[in-house]
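Trainee: Numbering (this note's numbering), first residue to last: 13 to 447.
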Ligand code: DLL
């Protein structure tokens with residue numbers, strides 16, 4: 013089902029015209045209301061008068077996560093704080109998160125984007141959506157919630173965790189769709205099989221999965237184990253959260269809501285725009301956002317774009333599944349983690365050296381997260397087990413409070429972590445995301 017035919021099936025010429033008009037508006041908005049943008053545009057020698065079509069976008073400077081960090085928390089707002097009705101946040105590269113502010117209109121266009129996704133997944137007001145993404149600062153829970161309500165479905169705001177209760181509610185209430193990370197879906201699938209309920213006692217038929225990379229083989233496994241059809245939903249906090257893009261029934265890429273979020277692909281090294289079909293870094297410009305519009309925001313996600321019309325009738329540009337990242341961000345159990353966040357915690361703890369090593373793996377469909385860290389000689393007393401385990405516990409707690417998920421902390425003896433002669437290698441990710 014197509015939620016908004018007029019936009020989703022718009023001709024390329026009309027879409028470009030709309031994008032051009034919206035780009036002009038958003039550039040004026042940031043130039044007039046946001047000092048850092050105005051300064052950066054002046055430095056680049058470009059003014060709102062130079063922006064007259066969507067093709068002019070290449071004249072504008074890029075923005076990045078670093079800007080959100082540097083102007084934390086409100087420096088990038090282009091609306092007064094009194095117009096901000098919702099705040100979300102995601103991991104920054106160090107201790108502080110990055111924070112975004114949304115106006116009422118921003119929430120409305122998010123709900124519109126989400127409704128397009130859910131309709132494409134074949135859902136409508138007769139469906140019941142169990143939202144098992146986390147609610148809170150993470151955009152997954154409230155984003156999927158808004159999408160479900162907008163199409164008139166019944167929403168069960170479960171949030172994540174408490175697997176037995178998830179299964180009971182899904183079973184008892186008769187949820188027809190499940191929204192969560194693909195890795196949690198796999199975990200739930202096995203818990204469903206092990207539950208006292210038979211498959212035909214569930215009404216579940218659709219999965220709304222995203223927030224982390226997943227493969228075609230993972231899709232097949234979830235579909236088979238849960239007996240559902242699994243769809244990909246894409247998004248990121250800085251741009252809007254879930255709903256930036258979605259798969260249609262043909263599942264030949266992710267349609268992007270390009271009337272709201274204008275995508276480009278650039279060479280991550282040089283910043284030069286790349287043609288359709290070539291792999292590079294995905295960049296978004298929010299064309300209608302009011303609270304914290306972002307111009308040419310570098311997502312660090314790697315993919316490519318295709319503009320041919322899709323068999324579903326939509327003309328919205330499609331991107332390939334995210335093929336990786338061009339920074340060191342890890343997504344562990346759906347949570348974004350930067351090695352620099354771990355480093356900032358470790359450096360604050362007097363008993364520890366700054367040498368650490370992160371290992372991520374997937375065991376029984378759940379991500380594992382281990383941090384090995386070296387103890388300073390004067391604090392390293394392996395004979396005092398109680399002391400060592402209490403230190404490990406407090407390190408784990410500090411890391412959890414910064415990154416949002418709990419690691420297994422392994423303390424190692426002085427010099428126990430291999431030194432590197434070049435760039436330190438601090439991460440081993442054993443999970444495989446290639447198809
Ligand atoms: O993960 C928003 C979201 C919530 C999307 C629920 C879909 C469902 P962040 O926490 O800011 O926002 O993380 C954004 O996650 O840049 C990608 O690297 C990755 N990501 C998100 N969706 C997908 C997906 C949410 N479908 C970062 N496939 C993005 C692959 C994804 N990676």
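For glycine and all other residues, C-beta sits at the position ideal for the given N, C-alpha and C.
Here the structure is a predicted model, which means the values were calculated and not measured.
1. Return yes when the C-beta of residue 222 is under 7 Å from any heavy atom of ligand 1, and no when it is not.
2. Which value, in whole angstroms, describes the spacing of the CA atoms of residue 278 and residue 402?
3. From residue 229 to residue 196, what does the alpha carbon distance come to, in whole angstroms?
4. With DSSP collapsed to three states, give me the class of residue 432.
5. Less than 8 Å between C-beta atoms, sequence neighbours within five positions excluded: which residues of the same chain meet that for residue 155?
6. Relative to the C-alpha of residue 175, which candidate in 163, 324, 200 and 192 has its C-alpha closest?
7. Just reading off the alpha helix (DSSP H) that residue 414 is part of, what are its end residues?
8. Regarding residue 348 and ligand 1, is the C-beta to nearest heavy atom distance less than 7 Å?
9. Hey, out of 289, 334 and 284, whose CA is closest to residue 320's CA?
10. State the DSSP-derived secondary structure class of residue 199, mapped to helix, strand or coil.
11. Evaluate residue 359 with the Cβ neighbour count: other Cβ atoms within 10 Å of its Cβ, from every protein chain shown; 16 or more gives buried, anything less gives exposed.
12. Does the beta-carbon of residue 253, which I'm using as the reference point, lie nearer than 7 Å to any heavy atom of ligand 1?
13. Mapping DSSP to helix, strand and coil, what is residue 244?
14. With 16 other CB atoms within 10 Å as the buried threshold, where does residue 86 fall?
15. Could you give the distance in angstroms between the alpha-carbon of residue 171 and the alpha-carbon of residue 343?
16. Helix, strand or coil for residue 331, going by three-state DSSP, please let me know.
17. Is DSSP giving residue 444 helix, strand or coil here?
18. Would the C-beta of residue 149 count as close to ligand 1, meaning under 7 Å from any of its heavy atoms?
19. Taking all protein chains shown into account, decide if residue 236 is buried (16 or more other Cβ within 10 angstroms of its Cβ) or exposed.
20. Starting from the C-beta of residue 158, find all residues in its chain whose C-beta is less than 8 Å away, skip the five residues before and the five after it, and write them out in chain order.
21. Could you pull the start and end residues of the beta strand (DSSP E) that residue 166 belongs to?
22. Residue 269: buried (16+ other C-beta within 10 angstroms of its C-beta) or exposed?
23. Give the DSSP bridge partners of residue 219, in chain order.
24. Drop a sphere of 10 angstroms on the beta-carbon of residue 301, count the other beta-carbons inside from all chains shown, and report buried for 16 or more, exposed for fewer.
25. If you draw a straight line from the C-alpha of residue 14 to the C-alpha of residue 383, how long is it?
26. State yes or no: is the C-beta of residue 296 within less than 8 Å of the C-beta of residue 274?
27. Quick one: using the 10 Å Cβ neighbour count with 16 as the cut-off for buried, is residue 440 buried or exposed?
28. If you drop the 5 nearest sequence neighbours on each side, which residues of the same chain put their C-beta closer than 7 Å to that of residue 215?
29. Taking the beta carbon of residue 73 as the centre, do at least 16 other beta carbons fall within 10 Å, making it buried, or is it exposed?
30. List the DSSP bridge partners of residue 9.
31. Assuming contact is defined by CB atoms lying nearer than 8 Å, are residue 307 and residue 75 in contact in what I supplied?
32. Measure the C-alpha to C-alpha separation of residue 182 and residue 380 and round it to an integer number of angstroms.
33. Please report the distance separating the alpha-carbon of residue 365 from that of residue 51.
34. Mind checking whether the beta-carbon of residue 94 lies closer than 7 Å to any heavy atom of ligand 1?
35. On a CA-only basis, which of 250, 262 and 238 is nearest residue 244? Give me that one, please.
36. Which residues share a DSSP beta bridge with residue 427?
Mentor: Taking the definition as stated:
1. Yes - ligand 1 has a heavy atom lying nearer than 7 Å to the Cβ of residue 222.
2. The alpha-carbon atoms of residue 278 and residue 402 are separated by roughly 48 Å.
3. Whole-angstrom Cα-Cα distance: 15 Å.
4. The answer is coil: DSSP assigns residue 432 none of H, G, I, E or B.
5. For residue 155, where only same-chain residues beyond five positions count, the Cβ hits under 8 Å are 122, 126, 145, 247, 252, 253, 254 and 255.
6. That would be 200, whose Cα lies nearest to the Cα of residue 175.
7. Boundaries of the alpha helix (DSSP H) harbouring residue 414: 397-415, taken from the DSSP string.
8. Taken from the Cβ of residue 348, at least one heavy atom of ligand 1 lies inside 7 Å.
9. Measuring from the Cα of residue 320, the nearest candidate turns out to be 289.
10. In the three-state scheme derived from DSSP, where H, G and I count as helix and E and B as strand, residue 199 is classed as helix.
11. Classification for residue 359: exposed.
12. Residue 253 has its Cβ nearer than 7 Å to a heavy atom of ligand 1.
13. Residue 244: strand per DSSP, three-state reduction.
14. Here residue 86 is exposed: its Cβ has fewer than 16 other Cβ atoms, across all protein chains shown, within 10 Å.
15. Cα to Cα, the separation comes out at about 18 Å.
16. Three-state result, residue 331: strand.
17. Residue 444: coil per DSSP, three-state reduction.
18. Not under cutoff, so the answer is no.
19. Classification of residue 236: exposed, given that the 10 Å Cβ count is below 16.
20. The residues are 119, 122, 123 and 126.
21. Unbroken beta strand (DSSP E) run through residue 166: 166-168.
22. Answer is buried; the Cβ neighbour count reaches 16.
23. According to DSSP, which records beta bridges pairwise, residue 219 is partnered with 190 and 242.
24. It counts as buried.
25. C-alpha separation (whole angstroms): 46 Å.
26. The Cβ atoms of residue 296 and residue 274 lie closer than 8 Å to each other.
27. In this structure residue 440 is exposed. Its beta-carbon is surrounded by fewer than 16 other beta-carbon atoms within 10 angstroms.
28. So the qualifying residues of the chain are 186, 187 and 188.
29. Exposed: under 16 other Cβ atoms inside 10 Å.
30. No statement about residue 9 is possible, as the shown extent of the chain runs from 13 to 447 and does not include it.
31. Taking the C-beta atoms as reference points, residue 75 is found nearer than 8 Å to residue 307.
32. For residue 182 and residue 380, the distance between alpha carbons rounds to 26 Å.
33. Cα-Cα distance, rounded: 40 Å.
34. Set against 7 Å, the gap from the CB of residue 94 to the closest heavy atom of ligand 1 is not smaller.
35. Considering only alpha carbons, the answer is 262.
36. Paired residues: none, contrary to the question.
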